[in-house]
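Visitor:
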Amino acid sequence: MTMSLLQQVITVGIVVLGTMITRFLPFLVFPSDKPTPQYVQYLGKVLPSAVIGLLVIYCFKDLNLLSGNHGAPELISVGV
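The opening residue of the sequence shown carries number 651 in our numbering; numbering runs sequentially from there.
1) Out of E724, L716, L675 and L693, which has the shortest C-alpha to C-alpha gap to I707?
2) Could you check whether F680 and P687 sit closer than 9 angstroms to each other, using their CB atoms as the reference points?
3) Confirm, please, whether the CB-CB distance from S727 to C709 is below 9 angstroms.
4) I'd like the span of the alpha helix (DSSP H) that includes P723, first residue to last.
5) Which residue comes first and which comes last in the alpha helix (DSSP H) that contains K684?
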């Protein structure tokens, strides 16, 4: 199913609007003249490590040690 020109323009417009909202919203919610809330600072410290851990677990979810090269590429990538 192909989209008409109008549908394509509307789709691009919605994507642009959504991107602009997500880019400008933090500046509206957390203005520079007020201190950043403690829970946001906490999340800024904790979430990067949590995301990396989640990605490592996702990498190993389909690892099968009983076939092929026994997960050697995955284990090497963890070492790097």
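Each residue gets a CB set at the ideal place from its N, CA and C atoms; glycine is no exception.
Guide: According to the structure shown:
1) The residue labelled residue 707 in the question sits at position 57 within the sequence shown. The shortest C-alpha separation from I707 is found at E724.
2) Along the sequence shown, one-based indexing puts residue 687 at 37. Along the sequence shown, one-based indexing puts residue 680 at 30. Less than 9 angstroms separates the beta-carbon of P687 from that of F680.
3) Along the sequence shown, read from residue 1 onward, the residue named residue 709 stands at position 59. Along the sequence shown, read from residue 1 onward, the residue named residue 727 stands at position 77. Contact flag set, yes.
4) Taking the sequence shown and counting its residues from 1, the one referred to as residue 723 is at position 73. The continuous alpha helix (DSSP H) containing P723 extends over residues A722 to G729.
5) Position 34 of the sequence shown holds residue 684. Element bounds for K684: n/a, residue is neither H nor E.
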